[in-house]
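Asks:
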Amino acid sequence: MLNYVYKPMKKILLAAPGTGKTTRVKKDFLSTVQDLKSVLVLSFTNATIGDLLKSFAKDNISIDERNCMTLHSYALRINHRSEMHVLNTFEEKVIAKYAGLLGVEMDLLCEMLNSITYDQMITSFLEFAKTNPAYLKEKIGQIELLIVDEFQDFNEPEQALVHLISEYADDTLILGDDDQCIYDFKDATSDGIVALYNEPTVENIEHPNICYRCPDVVVEKSKNLLSHNIKRVQKDWHPNKIEGEIVFEQKLNASETASWVVDEIKAIKGSTPDATILLLTPVKFAIENILEKLTTAELTYINFFGETLDFETYKKIWRLRLIYGKYKLLNLILIVECSDLNDYRRGKFRKVLKRHITSNFSFESMKTEIVEFVGADMMSKVDAQPDFDQLLTTEEWSSLAPIIEKVDADTPEKKLERIDKYVNPPVVFDPTAVNIMSIHKSKGLEATHVFIVGMVDGILPRKTDGIDSLEMQRRLLFVGMTRAKKKLFLVSTVRWDGKHVHQLGRDRFTPTRAGSRYFNAQTSPFINELKL
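Position 474, counted from 1, in the sequence shown is what the numbering used here calls 484; the numbers after and before it change by one each time, with no gaps.
1) Extract the residue ranges of the beta strand (DSSP E) inside the segment 365-450, only unbroken runs of 3 or more that lie entirely within it.
2) Can at least three beta-carbon pairs, one atom from the segment 322-336 and one from the segment 462-471, be found at a separation below 8 Å?
3) Mind pulling the alpha helix (DSSP H) runs of 4 or more residues that sit fully within the segment 144-211?
4) What is the rounded straight-line gap between the Cα of Gly-186 and the Cα of Leu-542?
5) Rank Ala-170, Ile-175, Gly-202, Leu-155 by C-alpha distance to the C-alpha of Asp-181 and give the top, closest one.
6) Taking DSSP as the reference, what is the three-state secondary structure of Pro-535?
7) Here's the rule: buried if 16 or more other CB atoms are within 10 angstroms of the residue's CB, otherwise exposed. What is Pro-436?
8) Would you identify the three-state DSSP class for Met-11, choosing helix, strand or coil?
9) Per DSSP, Glu-259 forms a beta bridge with which residues?
10) Please classify Ile-175: is it buried, with 16 or more other beta-carbons within 10 angstroms of its beta-carbon, or exposed?
11) Can you grab the Cα-Cα spacing for the pair Ala-524 / Phe-258, in whole Å?
12) Between which residues of its own chain and Ile-59 is the CB-CB distance below 7 Å, once the five residues before and five after are set aside?
13) If distances are taken between C-alpha atoms only, which option among Ala-25, Ile-469, Thr-442 comes closest to Ile-215?
14) Does the beta-carbon distance from Gln-162 to Ala-198 come in below 8 Å?
15) From Glu-456, Lys-231, Pro-210, pick the residue whose C-alpha is nearest to that of Asp-61; which is it?
16) Answer with buried or exposed for Val-460, where buried requires no fewer than 16 other C-beta atoms within 10 angstroms of its C-beta.
17) DSSP puts Asp-45 in a beta bridge; with which residues?
18) Is the beta carbon of Ile-449 sitting closer than 8 Å to the one on Ile-312?
19) For His-238, count neighbouring C-beta atoms within 10 Å of its own C-beta (all shown protein chains included) and say buried if the count is 16 or more, exposed if not.
20) Can you name the residues that DSSP bridges to Ala-494?
21) Quick check on the DSSP output: the alpha helix (DSSP H) that includes Asn-341 runs from which residue to which?
22) Look at the alpha carbon of Leu-487 and the alpha carbon of Ile-537, and state the distance between them as a whole number of angstroms.
23) Taking the beta strand (DSSP E) that Tyr-311 falls in, what are its first and last residues?
24) I believe Arg-34 touches Leu-23 by the beta-carbon criterion, under 8 Å. Please report the beta-carbon distance rounded to the nearest angstrom.
25) Report the rounded CA-to-CA distance for Ser-41 versus Ser-269, giving the unit in angstroms.
26) Please determine, among Ile-157, Phe-373, Pro-283, Tyr-354, the residue with the shortest C-alpha to C-alpha distance to Ile-73.
27) In the DSSP assignment, find the unbroken alpha helix (DSSP H) run with Phe-39 in it and report its ends.
28) Can at least three beta-carbon pairs, one atom from the segment 190-197 and one from the segment 222-232, be found at a separation below 8 Å?
29) Would you mind sorting Asn-89 into buried or exposed? The rule is 16 or more other CB atoms within 10 Å of its CB.
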């Protein structure tokens with residue numbers, strides 16, 4: 011853990027899900043602020059920020075996108091290395107792949123390409139801040155009230171950035187719940203929020219912790235589950251006389267599971283047309299058969315697993331960035347990697363990069379060698395710099411015009427650098443449909459009826475690497491369970507296809523017979539811990 015110096019004006023509200031943290035903030039904190047423009051609200055996901063903005067708008071609280079945003083967006087705002095291209099998730103994967111192929115460190119290759127990952131940007135900024143207080147004071151300004159929601163979702167450098175920002179705030183309110191820390195894959199741990207809660211100079215805000223969302227039975231059984239975790243803050247979480255039900259069901263195979271789930275959904279929609287439905291799973295393959303049967307049953311569903319980068323659009327963006335932007339070598343690599351070149355020509359391209367990497371690693375130095383990889387027409391546009399608006403009227407680029415029109419910038423280069431947030435608008439929860447997603451993705455959502463499939467040992471929990479991993483997976487189930495407002499379905503399937511089992515590790519699965527492609531699983535031990 012990094013060593014923080016906590017300011018006396020820092021407060022923390024540690025509260026369980028569905029207990030009205032946002033309502034409390036509006037009533038007891040925002041109501042005392044003289045100028046709401048001096049408030050800064052930060053959180054981890056766009057979904058959480060969207061909910062906060064809706065809540066503020068509902069109560070006519072004048073906080074908007076200018077001072078309520080993700081930490082990622084705020085970091086971009088105060089970034090001291092604005093000359094660097096910040097890689098999106100896919101771009102980062104491509105450059106990491108090329109770092110390995112070219113035999114150079116990822117940080118060095120990024121530097122050579124004038125690019126930076128989000129994590130690199132945060133770490134670099136923290137180092138920069140140590141010796142540049144005047145820059146920070148100008149960029150951050152004075153904040154009357156800093157509100158940080160879902161603090162446990164940030165990793166250590168992100169939490170360090172939050173603490174740094176708080177030094178410029180008159181008052182800081184940290185919101186979160188260590189029991190909902192589930193982003194271990196991005197190195198988020200509950201240690202930071204627990205340390206903050208236990209710090210004597212930080213004021214703990216008392217909270218009734220009454221659950222206004224979940225049925226009493228979900229509260230009771232969730233508490234049973236969490237009682238098995240050792241590394242947590244012991245906190246009250248009270249039921250609120252809300253009626254509901256938990257149903258546990260086990261089926262032999264994926265087909266039977268899908269039929270049962272879809273029949274239940276049809277029954278729910280038939281009896282309660284305005285019911286909202288979440289279908290959650292820790293692994294994507296667990297819902298393959300369910301998707302097929304939902305389609306056959308003509309039930310509307312939104313598949314959040316379908317969220318992927320729009321490659322066709324990005325191919326055009328990267329090509330335009332090659333023409334008009336300054337990160338030409340970066341965009342060249344992205345274009346070639348996502349092209350239809352065969353393996354031989356891709357390999358040839360990498361040899362060109364490798365030959366230049368130790369001497370003159372630049373687009374200009376390779377210009378004569380790379381025509382065959384992007385085409386003569388493309389290279390002629392790079393040289394000629396055709397009129398941007400005119401180019402967007404041509405067939406090849408016209409589909410980008412409506413997107414680029416949304417970007418507020420005065421040059422083609424700046425427009426193309428700021429286009430990311432307009433390319434892939436997030437899939438939105440549909441209250442009239444079956445919403446299918448990972449448990450991670452469900453954070454912050456709620457529905458009257460929630461299905462969690464894949465409740466078997468080896469999937470939830472998956473193979474564990476010690477107590478920390480097991481405790482995180484309990485928290486993951488807890489987050490999924492507490493999305494339910496009325497009825498929760500926990501579904502276990504006995505038999506699984508070997509192609510899926512091999513992705514997970516076979517130690518928790520048993521072959522149905524020697525040489526069979528199918529494996530049997532046992533119900534998740536978490537079911538017993540719930541004490542259903």
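The beta-carbon is built from N, C-alpha and C at its ideal position, and this holds for glycine as well. Nothing here was measured: the structure is a model prediction, and the numbers come from that model.
Replies: Put simply:
1) Runs found: 444-448.
2) no
3) 166-176, 201-208
4) 28 Å
5) Leu-155
6) helix
7) exposed
8) Caution applies to Met-11, whose pLDDT of 43 falls short of 50 and renders its modelled position unreliable; the model cannot decide the point.
9) Val-501
10) buried
11) 31 Å
12) Ser-53, Cys-78, Met-79, Thr-80
13) Ala-25
14) Yes, Cβ-Cβ distance for Gln-162 and Ala-198 is below 8 Å.
15) Glu-456
16) buried
17) Assignment of beta-bridge partners to Asp-45 by DSSP yields no partner.
18) no
19) exposed
20) Ala-457
21) Counting along the chain, the alpha helix (DSSP H) containing Asn-341 begins and ends at 338-347.
22) One C-alpha to the other measures close to 10 Å.
23) 311-313
24) 7 Å
25) 51 Å
26) Ile-157
27) Counting along the chain, Phe-39 falls outside any alpha helix (DSSP H), and DSSP gives it neither H nor E.
28) no
29) Its Cβ being crowded by 16 or more others within 10 Å, Asn-89 is buried.
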